[in-house]
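Engineer: Below is the structure I would like to discuss, written out as structure tokens.
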Amino acid sequence: MTGRPRRLASVTALLVLVPVLVTRLDVVGEAWWLAIGFAATYAAMALSLNLLMGYAGQISLGHGGLLAAGAYTAGLLASRASLPFAVALIGAGLCAGLVAFVVGLPALRLRGLYLAITTIGFVVAMEQSILQMPAISGGSAGIALPRPSIGSIGFAANGDWVAVLFVFLVVLWVLDQNVLASRFGRAFHGIREDEEVAASFGVDVRSFKLLAFVLSGVAAGIAGALHGHLVGFVGNETFGLQFSLSLLAWVIIGGLGSRAGVVTAAALFGFFPEILDRVFKIEFLSNFQFVIGAALLVATVVLNPNGFAGALRHRREELEMDKAKGRLGEADEDEVPALPEFPRTAGAIEAFAPGDVVLEVSGVTVQFGGLVAVSGASLRVPAGQIVGLIGPNGAGKTTLFNAIGGYVRPRGGQVQLLGRDISELPSHDRALLGLGRTFQRGGLANNLSMIENLGLAQHVQSDYSILEALARTPNVRRQERLVDEHSRQVVQALGLEPLAELPVKHLSGGQRRIVEMACALVTSPPLLMLDEPSAGMAPAAVESLADALRDLRDTHGQTVLLIEHHVPLVMDVCDLVYVMDRGVVIAEGDPDEIMVNEHVLDAYLGATEAARVAVPT
Amino acid sequence: MAIALVDGIFVGTIYGLFAVGIVLVHNGSRVINFAQAELGTLAIYLTWTFTDGRETPRLAAAILAILIVGALGLVFERAVVNPLREAPRITVAVATVGFSLFLIAIELLFWGPSPRSMQSPFEGGVNVLGYIASPLDWISVGALVLLSFGLGAFLKRTDFGLGVLASAQDPTAARLVGVRFADVSAFTWVLAGVLGAVAALLVQARNPAFGVGFMTDRFFVPALAAALVGGLSSLRGAFVGGIVVGVIDLTSQQLFATSGIPGIQVLTMFVLILVVLLIRPQGLLGTREAT
């Protein structure tokens, strides 16, 4: 054992030995250990909520319902089915995971405020109805959860049980770490930041959202059961609405997304009220903690929504940003480096024969309410060519892009990628088949670093399961090492090493465009769709963008479909140009033909006849 | 059944009052006010304090409590909602959760955890199909009608009111044509406080006992359901939603009385919320907006 495992083992040993030995010495009262036990179980609960809210960005005002599901299951399995503690605890995790799955189902259609409403409804229904059903709890009396015993070893002394809690807390902490450092963690982050962007990298948003709910639910179920065994009892109000809101407050104060932040905050809010109440018997002060908690929550939200840990991180990032800027120099921002080629994804077509068609769009119509945004649009993108799509604002270019990518549902028409009809596939499957794209509004996860974004972009290239990720098997390590190596190669090729670990929101507009293109290219998709890549770039950078695109095509044979407002760029690099106006494709041809096409001039300059008349000669 | 129906309508007026508060704040700040019901609990505690062992007339105490809670709404708006006007809405929603927790904490701190009780100032009432409607019931009907229709008319007929409605549709556009977001937002939050207080004081007279977090536990979810059924943006919708939810609430209790399921009305509310959000997010009266 070396390094991390060794450190982990010594920390765990210490966390077990200290409470067990100190309890034997009897120098610290039972009440102290009870308070420390509260700190440990609240910390575990915070980890569970943090996974859902901090990583995956799904708000839950009703997490207590999941804690209760676990605690009640553990109690019922132990008392009525007389199952051993370990089995009952697994049952608690599974049951809460199942409940979380059901609670997560509305999240497939609802976000933000509406998800908050359904979760609050869930916990109130648990507290005031389900947990009081006679079949579950014999009315509102609640359920006893005596401390388990393993063979002759009992855990009646609080200190002994705290040692058990510490072990569980370390395990949860490590599992949380493992998930976060896997493709699952990156996918959760991607969903939190921007669901469409995550889907464009091949993340199945719906499944991963539900997975986040289930993982969080399992952790919550175990944490709830452990807490129940700590206090010996769980009632319908133990983990009711008010507890749920308090738990939410603690993780936000600590800093959503920060493991250490949420654990610290929740542990403090678990420890101090108990100590004040039971050891020092100052009821007024222990009640005062609610005022402090609530005031801190409001202050956190107003002053720094990312919580205490977020504030620290932000300060550190600013310092690093200054350093990185110094190392990069000023000139680099205006230059688009040649985009490197990456190993082809397994299954992708190696080379195209001349005349192959990569993308064929026929008769696609998109309608929003009464508005027809795209009407019967058809286009084809031949292999190894750069095809431009231009048109005035509101012509329907981006909507057509979204229809090709599967982000909006067309009313009619067909989209074929490499001869395969993909019209019915969800967007993440289209990404999987080799449709890389960038977004006009920016297609990066802004709060993630360049390395993390590139890792997210390689989502489809790892294939290990969630169980493997939790255990961090050698297979996971190997695949993760490959992903990391790729990402670092790309960063190096782009010449942006000093900025590699900083959230991409700190990058300049031009740099973000470049990183976005690199992300779309990192899996070497047969088709690269760029939506206004020159937006936000300095004029000098646009010229080097043209060079980079030409290089992509000529050196790597990359096929590109390009939406651009910058017409000179399109005319410069494109082999074939389509022009859209008011939802209709009005012209196609090579750049020279398009430049003199009357329909195109009409669309851009207004009616040519009217224009001629209006201009005095 | 008739009793449940009439009772449901009267309870529905209370839900409606809360729902009007939720809708107003949603219009002004595009956020769900999770403290809406708890503002009411504080009003009950204040009224209790003003009258307990003192000669203060109940009405004066109630009005004072309503004003204080309205002012509290204003303070929260100035200190939190307005500074966060550019922040993501979910951030502001979390702040209102903090507000709710703060109110609960204040109640716990000053009045302690044990429940208290306060007798209704009125006795007797009018028999409506077997249900004895007390004067407070009639007040709450009057208040709801006045507020949802009167306020609705005020919002539609005055420039300021149109500003309130416009800022719900498009805050930027409303600001561009000269509506001050700050005024609109402040106005809706004061009213949220007042409405919460009025509704809570009316409901308190129906069940004399009250405790910490009482209104949130018992009334917030049905009030949310009422606002959602009404479409979350129309005051008249909130009025209808309140009545509908009240009737569903009481009749479901009646229908499932023999089922032995405790808190069946809470389950009904949860299902109702899910159904509305997933199947008819525009509410009963609203029309689907083009996206």
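Line by line, the protein sequences are chains X and B.
Going by our numbering, the first sequence opens with residue 1, and the numbers climb by one from there.
Going by our numbering, the second sequence opens with residue 618, and the numbers climb by one from there.
Ideal placement from N, C-alpha and C gives every residue a C-beta, glycine not left out.
Please check if any C-beta of chain B sits within less than 8 Å of the C-beta of F288 of chain X.
Structural biologist: Residue 288 of chain X sits at position 288 when you count from the first residue of the first sequence. Yes, its Cβ sits closer than 8 Å to a Cβ of chain B.
Engineer: Taking the beta strand (DSSP E) that F368 of chain X falls in, what are its first and last residues?
Structural biologist: Residue 368 of chain X sits at position 368 when you count from the first residue of the first sequence. Counting along the chain, the beta strand (DSSP E) containing F368 of chain X begins and ends at V357 to F368.
Engineer: Enumerated in chain order, which unbroken segments of the beta strand (DSSP E) with a length of 3 residues or greater are wholly contained in the stretch 569–596 of chain X?
Structural biologist: Here the runs fully enclosed are 576–581 and 584–589.
Engineer: Closest to A814 of chain B by CA distance: which of B:P825, B:A619 and B:G687 is it?
Structural biologist: Taking the first residue of the second sequence as 1, we reach residue 814 of chain B at position 197. Out of B:P825, B:A619 and B:G687, B:G687 has the C-alpha closest to the C-alpha of A814 of chain B.
Engineer: Rounding to the nearest angstrom, what Cα-Cα distance links A636 of chain B and V758 of chain B in this structure?
Structural biologist: Position 19 of the second sequence, counting from 1, holds the residue named residue 636 of chain B. Position 141 of the second sequence, counting from 1, holds the residue named residue 758 of chain B. Going by the C-alpha atoms only, they are around 14 Å apart.
Engineer: Using a Cβ-Cβ cut-off of 7 Å (strictly less than) and excluding sequence neighbours within five positions of S60 of chain X, which residues of its own chain qualify?
Structural biologist: Here residue 60 of chain X refers to the residue found at position 60 of the first sequence. Hits under 7 Å: L49, L52, M53 and T119.
Engineer: Considering only residues of the same chain and omitting the five flanking positions on each side of A619 of chain B, which have a CB-CB separation below 7 Å?
Structural biologist: As a first step, residue 619 of chain B must be located in the second sequence, where it is residue number 2. Excluding sequence neighbours, A619 of chain B sits near L746 and G747.
Engineer: Between the stretch 106–124 of chain X and chain B, which residues of the former have CB atoms less than 8 Å from a CB of the latter, in chain order?
Structural biologist: Flagged, chain order: P106, R109, L110, G112, L113, Y114, A116, I117, T118, I120, G121, F122 and V124.
Engineer: For the stretch 290–304 of chain X, list every residue whose C-beta sits within 7 Å of some C-beta in chain B, in sequence order.
Structural biologist: The residues in question are F290, V291, G293, A294, A295, L297, V298, V301 and V302.
Engineer: Considering only C-alpha positions, which residue in the set X:I451, X:R259, X:K505 and X:H428 is nearest to R206 of chain X?
Structural biologist: Here the question's residue 206 of chain X lines up with position 206 in the first sequence. When each option's Cα is compared against that of R206 of chain X, the closest is X:H428.
Engineer: Within the 8 Å Cβ cut-off, does T673 of chain B reach chain X?
Structural biologist: Position 56 of the second sequence, counting from 1, holds the residue named residue 673 of chain B. No, its Cβ sits nowhere closer than 8 Å to a Cβ of chain X.
Engineer: In three-state terms, what does DSSP make of A107 of chain X?
Structural biologist: As a first step, residue 107 of chain X must be located in the first sequence, where it is residue number 107. Three-state result, A107 of chain X: helix.
Engineer: Thinking C-beta only, is V291 of chain X closer than 8 Å to I723 of chain B?
Structural biologist: On the second sequence, position 106 is the one that residue 723 of chain B refers to. On the first sequence, position 291 is the one that residue 291 of chain X refers to. Yes.
Engineer: When you compare the CB of T909 of chain B with every CB in chain X, is at least one pair closer than 8 Å?
Structural biologist: There is no way to answer for residue 909 of chain B, as the model of chain B reaches only from 618 to 908.
Engineer: Counting only Cβ-Cβ distances shorter than 8 Å, please list the residues of the stretch 876–895 of chain B near chain X, keeping chain order.
Structural biologist: Answer in chain order: G877, I878, P879, G880, I881, V883, L884, M886, F887, I890, L891, L894 and L895.
Engineer: Is the shortest distance between the beta-carbon of D754 of chain B and the beta-carbons of chain X less than 8 Å?
Structural biologist: For the purposes of this step, residue 754 of chain B is taken as the residue at position 137 of the second sequence. No, D754 of chain B lies away from the interface with chain X (no Cβ there is under 8 Å from its Cβ).
Engineer: Quick one: complete alpha helix (DSSP H) runs, 4+ long, within the stretch 150–229 of chain X?
Structural biologist: Counting whole runs of 4 or more residues, the stretch 150–229 of chain X contains the alpha helix (DSSP H) stretches 158–180, 183–193 and 195–200.
Engineer: Quick one: which chain X residues come within Cβ less than 7 Å of D834 of chain B?
Structural biologist: Here residue 834 of chain B is taken as the residue at index 217 of the second sequence, counted from 1. Result: L241.
Engineer: On the DSSP bridge assignment, give the partners of V743 of chain B in chain order.
Structural biologist: Along the second sequence, read from residue 1 onward, the residue named residue 743 of chain B stands at position 126. DSSP output for V743 of chain B lists B:A750 as bridge partner(s).
Engineer: Please state whether the Cβ-Cβ distance between C519 of chain X and N447 of chain X is less than 8 Å.
Structural biologist: For this step, residue 519 of chain X is matched to residue 519 along the first sequence. For this step, residue 447 of chain X is matched to residue 447 along the first sequence. Going by C-beta atoms, C519 of chain X is not nearer than 8 Å to N447 of chain X.
Engineer: In three-state terms, what does DSSP make of L47 of chain X?
Structural biologist: Working through the first sequence from its first residue, we reach residue 47 of chain X at position 47. Of the three classes helix, strand and coil, the one that applies to L47 of chain X here is helix, per DSSP.
Engineer: Cβ of F719 of chain B less than 8 Å from any chain X Cβ?
Structural biologist: Locating residue 719 of chain B in the second sequence gives position 102, where the first residue counts as 1. Closer than 8 Å to some Cβ of chain X, the Cβ of F719 of chain B qualifies, so yes.
Engineer: What are the complete alpha helix (DSSP H) segments, minimum 4 residues, inside the stretch 427–458 of chain X?
Structural biologist: Segments of the alpha helix (DSSP H) lying fully in the stretch 427–458 of chain X: 427–432 and 450–457.
Engineer: Any Cβ of chain X within less than 8 Å of the Cβ of P566 of chain B?
Structural biologist: Missing from the structure shown is residue 566 of chain B; chain B here goes from 618 to 908 and no further.
Engineer: Could you round the C-beta distance between V711 of chain B and S851 of chain B to whole angstroms and report it? I think they count as a contact, below 8 Å.
Structural biologist: Here residue 711 of chain B refers to the residue found at position 94 when the second sequence is read from its first residue. Here residue 851 of chain B refers to the residue found at position 234 when the second sequence is read from its first residue. About 26 Å; that fails the 8 Å criterion.
Engineer: Who does L562 of chain X pair with in a DSSP beta bridge?
Structural biologist: To locate residue 562 of chain X, count along the first sequence from 1; it is residue 562. X:G388 and X:L530, per the DSSP bridge assignment.
Engineer: What did DSSP end up calling A346 of chain X once you bin it into helix, strand or coil?
Structural biologist: Taking the first residue of the first sequence as 1, we reach residue 346 of chain X at position 346. Since pLDDT at A346 of chain X reaches only 39, below the 50 mark, its modelled position is unreliable, and the value read off the structure follows with that caveat. The answer is coil: DSSP assigns A346 of chain X none of H, G, I, E or B.
Engineer: Please decide whether A783 of chain B counts as near chain X, where near means a Cβ-Cβ distance under 8 Å.
Structural biologist: Taking the second sequence and counting its residues from 1, the one referred to as residue 783 of chain B is at position 166. False, the Cβ-Cβ gap to chain X never drops below 8 Å.
Engineer: Using 8 Å as the limit for Cβ to Cβ distance, is Q132 of chain X near chain B?
Structural biologist: Within the first sequence, residue 132 of chain X is the residue found at index 132, counting from 1. With 8 Å as the cut-off, Q132 of chain X counts as an interface residue toward chain B.
Engineer: Which of helix, strand or coil does DSSP assign to L247 of chain X?
Structural biologist: Here residue 247 of chain X refers to the residue found at position 247 of the first sequence. DSSP places L247 of chain X in helix when its eight states are reduced to three.
Engineer: Where does F836 of chain B land, buried or exposed, given buried means 16+ other C-beta within 10 angstroms?
Structural biologist: One-based indexing of the second sequence puts residue 836 of chain B at position 219. Under this definition F836 of chain B is a buried residue.
Engineer: Are there 16 or more other CB atoms within 10 angstroms of the CB of A373 of chain X, so buried, or fewer, so exposed?
Structural biologist: Position 373 of the first sequence, counting from 1, holds the residue named residue 373 of chain X. Per the 10 Å Cβ criterion, buried.
Engineer: List the residues of chain X that F716 of chain B touches, going by C-beta distances under 7 Å, in chain order.
Structural biologist: Taking the first residue of the second sequence as 1, we reach residue 716 of chain B at position 99. Per Cβ cutoff of 7 Å: V298.
Engineer: Can you find a CB in chain B that lies within less than 8 Å of the CB of G347 of chain X?
Structural biologist: Mapped onto the first sequence, residue 347 of chain X falls at position 347. With a pLDDT of only 40 at G347 of chain X, under the threshold of 50, the placement of this residue in the model should not be trusted, and no figure is reported.
Engineer: Do we get a CB-CB distance below 8 Å when we pair G810 of chain B with the residues of chain X?
Structural biologist: The count along the second sequence starts at 1 and reaches residue 810 of chain B at position 193. With 8 Å as the cut-off, G810 of chain B does not count as an interface residue toward chain X.
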